[in-house]
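In our numbering, the protein residues as written are 21 to 182.
We put the beta carbon where it would ideally sit given N, CA and C, even for glycine.
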């Protein structure tokens, strides 16, 4: 099971370069991005990430990491997908684990291009169902997901306690 193919970097729309990169090679950049995203959403709430576990999943073909870079190679956006085998339907699925684009690259349709690039690559590798989620506080992302070819299939609720 899983994904062990990396894509050739692709320029979409003449602006950004999209690629399926090896997470282990980008984990330092990713850690900075995820920390920025966390602070944007939750402020000073303690952040816990287990990058070694992500690297182990990738090595096992159960994680795929996609990047969006500018012409100088600067990371401007990324999305990571957890790949699982769905025993009920007999197919592989990919669900995003994290997704972040720098604020200066929002509102440019580059988010849609990143999501579309990742989904097309995952499907070319045999992943039947590709899912992406967003927090309800982000009211602009549904339009980007629509442009990327995603459709609303579910609502998710988090237990907050009593």
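Do residue j and residue i count as a contact pair if the criterion is CB distance below 9 Å?
{"i": "residue 112", "j": "residue 148", "result": "yes"}
{"i": "residue 50", "j": "residue 101", "result": "no"}
{"i": "residue 88", "j": "residue 37", "result": "yes"}
For residue i, which three-state DSSP category applies?
{"i": "residue 52", "result": "helix"}
{"i": "residue 40", "result": "strand"}
{"i": "residue 176", "result": "coil"}
{"i": "residue 83", "result": "strand"}
{"i": "residue 135", "result": "helix"}
{"i": "residue 46", "result": "helix"}
{"i": "residue 108", "result": "coil"}
{"i": "residue 166", "result": "helix"}
{"i": "residue 95", "result": "strand"}
{"i": "residue 69", "result": "coil"}
In whole angstroms, give me the CA-to-CA distance for residue i and residue j.
{"i": "residue 115", "j": "residue 144", "result": "16 Å"}
{"i": "residue 126", "j": "residue 45", "result": "25 Å"}
{"i": "residue 63", "j": "residue 48", "result": "21 Å"}
{"i": "residue 104", "j": "residue 140", "result": "17 Å"}
{"i": "residue 174", "j": "residue 93", "result": "35 Å"}
{"i": "residue 82", "j": "residue 70", "result": "15 Å"}
{"i": "residue 109", "j": "residue 151", "result": "15 Å"}
{"i": "residue 96", "j": "residue 160", "result": "18 Å"}
{"i": "residue 121", "j": "residue 91", "result": "16 Å"}
{"i": "residue 39", "j": "residue 178", "result": "32 Å"}
{"i": "residue 57", "j": "residue 146", "result": "30 Å"}
Looking at C-beta atoms only, is the number of pairs between the stretch 159 to 178 and the stretch 123 to 136 that lie closer than 8 Å three or more? yes
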